[in-house]
DNA sequence: ATGTAC
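Numbering (this note's numbering), first residue to last: 541 to 1066.
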């Protein structure tokens, strides 16, 4: 018996007969009892011995968790199932007897999954917080959950949340917009060309962005030549190069302030694109959530297929952002030779989910080793599910990303954040190596529609108030209200939460000059 | 979020 083990308190449990549950007895399990059922000092043996002595059962052979019906078989089950105040039902071979209460809680759920919150207490939404806790404590295999400062309620699962799991994959925690992300592209425009009233001219130039790009053959070639992937099928490839709805946009920005050496330069004009995998990703989610299915065991054929499709949706989403950028730059810089898309630096990728070791190993490179540290233990395989959050490590290399955008709602600044990995955040683990990927809703869509429609008139081009604001191209009437800045949390407050937590440094900001949402091109734009 | 479900 190790000294450390003997110091830990025993676990109090209750054992009862599965067949006659009024026959019960308390049992204290020493902390050094083994969860491995084949060990000579296993909890299983202690439980069986106690059952024979106190409950007078001749041949105990199976054990269930009362109220859940989960059978304890392997070491993992014993590890998870045995905790203070649990009631174990001892069976002589018969199946579990009793109702399964709390059917939403998976037998492999982790009721002690730790949750970290990055939002300040004042900004926390009760409903979203409940969703965060319920999800963390009822889905199987979760080992770490994070509420980002943009945490807000989703239909079933929260948005602005990160969930780390082992052995299980949960497609709904990633959502339908697989691979949704942001990228900055350099333009050749000078700030003088987009400042003040010139923003209107720039906005007017942005046409031909709606609808399919060129021909099916051209789209196929784009996906194959540029991205080395065959398409997702014409049903979905038809929308490659389109922005989409919701929080997707493209925005022309001036870099107002930025620290030197992080990839963006002060005064330059950039294009920030946020979009995802459109109908393709959503079709994948649909396929793997038939009949309410939420969780896939990692070694199942289904999980392996999902991961493959997930990766290809991520690549498709990246190709989509690049094509959106190409379409915008064609309007803004006509006559320029082809842009080497994807090779434009300051290119930040956000992939919703990534396989990793947990704890993740933060790689070091010669020039960054003073601010990062390697995790000493290699960890075991884990899956990071992100929704409304971006990774702080490059998925390929595990090197810290130098900068990430934190866009506000349209017209508000985009912060330039440098992810941080201080020991106070367990080197980035506490925030699950992720940062909020936007300001997040503070007002439901319905509420925004009802309260803000008084304030805004729907028009094709929203003029900035004052000379330095943003021209907004938004020809879908409902979106004008729904996506209004007032419906969102303040981006500075969200950024301040990330900074206060130690997850990021604010290294600069961009001023949005033209924010493009959508245009109604059927009637020529008005 | 979505070439959407009732």
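We put the CB at the ideal spot given by N, CA and C, even for glycine.
These figures come from a predicted structure and were not determined experimentally.
Under a three-way DSSP split, which group does residue i fall into?
i            : result
residue 862  : helix
residue 785  : coil
residue 551  : strand
residue 640  : coil
residue 888  : With a pLDDT of 46 at residue 888, under the threshold of 50, the modelled position of that residue is not reliable, and no figure is offered here.
residue 705  : strand
residue 631  : strand
residue 1013 : strand
residue 931  : strand
residue 590  : helix
residue 925  : strand
residue 817  : coil
residue 732  : helix
Quick one: Cα of residue i to Cα of residue j, how far?
i            : j            : result
residue 718  : residue 853  : 6 Å
residue 649  : residue 829  : 19 Å
residue 987  : residue 928  : 21 Å
residue 613  : residue 962  : 40 Å
residue 1040 : residue 1033 : 10 Å
residue 581  : residue 587  : 11 Å
residue 939  : residue 625  : 43 Å
residue 745  : residue 857  : 25 Å
residue 564  : residue 651  : 24 Å
residue 1100 : residue 1018 : This structure gives no information on residue 1100, because the portion of the chain shown stretches from 541 to 1066.
residue 722  : residue 568  : 53 Å
residue 653  : residue 685  : 7 Å
residue 845  : residue 807  : 45 Å
residue 932  : residue 1026 : 28 Å
residue 958  : residue 941  : 7 Å
residue 917  : residue 621  : At residue 917 the pLDDT is 46, less than 50, meaning the model places this residue with poor confidence and gives no usable figure here.
residue 571  : residue 583  : 10 Å
residue 720  : residue 735  : 29 Å
residue 964  : residue 703  : 20 Å
residue 628  : residue 922  : 29 Å
residue 611  : residue 602  : 7 Å
residue 842  : residue 713  : 16 Å
residue 579  : residue 589  : 14 Å
residue 960  : residue 797  : 19 Å
residue 733  : residue 952  : 20 Å
residue 892  : residue 924  : Confidence in residue 892 is poor, its pLDDT being 47 and thus under 50, which makes the residue's placement unreliable; the coordinate value appears in the next sentence. Cα to Cα, the separation comes out at about 8 Å.
residue 793  : residue 812  : 7 Å
Would you mind stating whether residue i and residue j have Cβ atoms separated by less than 9 Å?
i            : j            : result
residue 726  : residue 605  : no
residue 954  : residue 1058 : no
residue 947  : residue 978  : yes
residue 791  : residue 950  : yes
residue 559  : residue 637  : yes
residue 711  : residue 553  : no
residue 1109 : residue 970  : There is simply no residue 1109 to check, as the chain begins at 541 and stops at 1066 in what is shown.
residue 679  : residue 705  : yes
residue 849  : residue 819  : no
residue 1091 : residue 767  : No answer is possible for residue 1091: the residues shown for the chain start at 541 and end at 1066.
residue 934  : residue 688  : no
residue 822  : residue 681  : no
residue 667  : residue 981  : no
residue 1048 : residue 683  : no
residue 972  : residue 656  : yes
Using a Cβ-Cβ cut-off of 6 Å (strictly less than) and excluding sequence neighbours within five positions of residue i, which residues of its own chain qualify?
i            : result
residue 1060 : 1015
residue 851  : none
residue 760  : 771
residue 883  : The predicted position of residue 883 is uncertain, since its pLDDT is 39 and thus under 50; a value taken from the coordinates is nonetheless stated next. Contacts found: none.
residue 873  : 728
residue 777  : 759, 771
residue 574  : 581, 582
Going by beta carbon distance, what residues of the same chain come within less than 7 Å of residue i, once the five residues before and after it are set aside?
i            : result
residue 838  : 707, 708, 709
residue 591  : 555, 597, 600, 630
residue 789  : 783, 814, 950, 1055, 1056, 1057
residue 1064 : Low per-residue confidence applies at residue 1064: pLDDT is 38, beneath 50, and the placement is therefore not dependable, though the value from the model is reported in the following sentence. So the list is empty, once near-sequence residues are dropped.
Residues in the same chain with beta-carbon distance under 8 Å from residue i, minus the five sequence neighbours each way, listed in chain order, please.
i            : result
residue 609  : 636, 638, 640, 647
residue 595  : 555, 556, 557, 563, 564, 565, 630
residue 1011 : 739, 740, 742, 743, 1001, 1002, 1003, 1004, 1053, 1054, 1055
residue 769  : 763, 852, 855, 856, 859
residue 826  : 716
residue 835  : 646, 679, 680, 681, 708, 709, 710
Taking 8 Å as the cut-off, is the beta-carbon of residue i closer than that to any non-hydrogen atom of the ligand ADP?
i           : result
residue 630 : Although the ligand ADP was asked about, the structure shown includes no ligands whatsoever.
Three or more beta-carbon pairs under 8 Å between the stretch 768 to 783 and the stretch 794 to 806, yes or no? no
Count the C-beta pairs between the stretch 691 to 701 and the stretch 726 to 740 that are closer than 8 Å, then say yes if the count reaches three, no if not. no
Between the stretch 609 to 618 and the stretch 658 to 672, do at least 3 Cβ pairs fall closer than 8 Å? no
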